[in-house]
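Below is one structure; the comments refer to it alone.
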Amino acid sequence: MARGEMMRVGLVQELVKGGQEIPHNYLCKEDGPSAFAIDSNMPVIDMNILFSSSSSSSSSSSSSWEEARNQEKQKLKAALQSWGFFQAVGHGISEDLMDMMRRLANKFFEQPMQERMKVGQSLEGEQKDWVQGYGHDPVEFHDQIIDWVDRLYLQIFPENQIKLQFWPENPAGFRCCRECLDELRLKLKAFADRTLSILAELVGLRDDYFTGRFNDEATMFSRFNFFPPCPRSDQVLGLRPHSDGSGITIVLSDTPGLHFLKDETWHQVSFLPHALLVNIGDQMQIMTNGIFKSALHRVVTNKEKPRISMANFYLMAPNQELGPIERLEGEVTVPIYQKMKVQDYSKLYVDCHIKRKRAINTIKISH
Numbered sequence: 003m004a005r006g007e008m009m010r011v012g013l014v015q016e017l018v019k020g021g022q023e024i025p026h027n028y029l030c031k032e033d034g035p036s037a038f039a040i041d042s043n044m045p046v047i048d049m050n051i052l053f054s055s056s057s058s059s060s061s062s063s064s065s066s067w068e069e070a071r072n073q074e075k076q077k078l079k080a081a082l083q084s085w086g087f088f089q090a091v092g093h094g095i096s097e098d099l100m101d102m103m104r105r106l107a108n109k110f111f112e113q114p115m116q117e118r119m120k121v122g123q124s125l126e127g128e129q130k131d132w133v134q135g136y137g138h139d140p141v142e143f144h145d146q147i148i149d150w151v152d153r154l155y156l157q158i159f160p161e162n163q164i165k166l167q168f169w170p171e172n173p174a175g176f177r178c179c180r181e182c183l184d185e186l187r188l189k190l191k192a193f194a195d196r197t198l199s200i201l202a203e204l205v206g207l208r209d210d211y212f213t214g215r216f217n218d219e220a221t222m223f224s225r226f227n228f229f230p231p232c233p234r235s236d237q238v239l240g241l242r243p244h245s246d247g248s249g250i251t252i253v254l255s256d257t258p259g260l261h262f263l264k265d266e267t268w269h270q271v272s273f274l275p276h277a278l279l280v281n282i283g284d285q286m287q288i289m290t291n292g293i294f295k296s297a298l299h300r301v302v303t304n305k306e307k308p309r310i311s312m313a314n315f316y317l318m319a320p321n322q323e324l325g326p327i328e329r330l331e332g333e334v335t336v337p338i339y340q341k342m343k344v345q346d347y348s349k350l351y352v353d354c355h356i357k358r359k360r361a362i363n364t365i366k367i368s369h
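Everything in the sequence shown is counted per the numbering used here, starting at 3 for the first residue and increasing by one.
In structure tokens:
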């Protein structure tokens, strides 16, 4: 198989439906997925406190607001330095909208394969798209370990790059009646931009610094993951250990299975109802020169129950330069990462992910 070509693999949903034996490509070897993960008190941040404005009613109330906001900022900074993620409450996205999006995702994956494949990845002709649409992540060599997941991948920003041919016509919430996804994507971007403003404050930058880097050409992708029940959950992962190549990632999910690695131990996320899980991606770790942590995480499989999640990846525009910021927390930065274009790092990330390596480790500078 020539470099850059994609191997066709069967969809996991059809594999389960047909009762076939699990192919060896799905079985993890030396880093097999022990399902064990400890439950921990994971960071929860009230974004309403961070996003709110100072009260002008009295000096005492203003002082109280400032104290509460500073405490929440310190909690957030500690979370991003130690865990690399947090659960956001008070985020401003309605429970009804989040529930509707989950129902639409469920309905899509419940459809017959013929209907799902109407928005399948384009593998033929000149207009190949191996990312967007319904299918698998790229598989480039025969012994590559494959994740136990089918997914629908859609670009949702910038608007002039949206490819509607990959937006399903059924169920009706995706293309014919797009109000739900349109509303959600706008609210997700607004939340992401407000969060970036807070992150800038935490490292001593102007509050518009990161939002300026994530300009009108910044990209956001939504990935709807479906993890069918797996009869060999002790040997098969829904998603192998990885960090995200994004700036930040915003996840809608409320079912168990997501683990984060901290202090060489896997920790299971116990989702709060209708919270957003926000994790730092490689781009933000590089820009903050390692102050914020792009944490390794994985998804384990379940023998009996399916799982669905929606991950939203926010990235700088491909032509932007990516590298450590020259001054952070009031100090001149000694860079520990090389500079490169975002598009070049994205290519490196995909190549390393396929080979089960971390791209961010390959661009470290030795001092």
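In this text, a Cβ means the ideal position worked out from N, Cα and C, and glycines have one as well. A quick note: this is a predicted structure, and the numbers were derived from the prediction, not measured.
Should residue 255 be listed as close to the ligand GDP, given that the test is whether its C-beta is under 7 Å from any heavy atom?
-> Absence of the ligand GDP from the depicted structure is noted, as is the absence of any ligand whatsoever, leaving it without description.
Ignore the nearest five residues each way along the sequence and tell me which others in residue 310's own chain have a CB closer than 8 Å to its CB.
-> 104, 107, 108, 111, 226, 227, 228, 229, 255, 257
Please report the residue range of the beta strand (DSSP E) in which residue 88 lies.
-> 87 to 91
Using the C-alpha atoms, what's the distance from residue 333 back to residue 145?
-> 46 Å
Can you check DSSP and say which residues form a bridge with residue 316?
-> 222, 250
Would you check if there are 3 or more beta carbon pairs closer than 8 Å linking the segment 79 to 97 to the segment 265 to 283?
-> yes
Assess, as a yes-or-no matter, whether the segment 181 to 194 is touched by the segment 64 to 73 under the definition of 3 or more beta carbon pairs within less than 8 Å.
-> no
So, is residue 215 buried or exposed, given that buried needs 16 or more other C-beta atoms within 10 angstroms?
-> buried
Can residue 231 and residue 300 be called in contact, C-beta distance under 8 Å?
-> no
Buried or exposed for residue 143, please, with buried defined as at least 16 other CB atoms from any protein chain shown within 10 angstroms of its CB.
-> exposed
Whole-angstrom Cβ separation of residue 267 and residue 40, contact assumed at under 8 Å?
-> 6 Å
Counting pairs of Cβ atoms below 8 Å between the segment 131 to 141 and the segment 198 to 208, do you hit three or more?
-> no
Which whole runs of the alpha helix (DSSP H) in the segment 259 to 299 are 4 residues long or more, in chain order?
-> 284 to 289
Given that a residue counts as buried once 16 or more other Cβ atoms are within 10 Å of its Cβ, and exposed if not, what is residue 291?
-> buried
If you draw a straight line from the C-alpha of residue 167 to the C-alpha of residue 121, how long is it?
-> 7 Å
Simplified DSSP state of residue 143, which is helix, strand or coil | coil
Just to confirm, are residue 265 and residue 351 a CB contact at a threshold of 8 Å?
-> no
Would you identify the three-state DSSP class for residue 241, choosing helix, strand or coil?
-> strand
For residue 186, which option in 203, 222, 76 has the closest C-alpha, if you only look at C-alpha atoms?
-> 222
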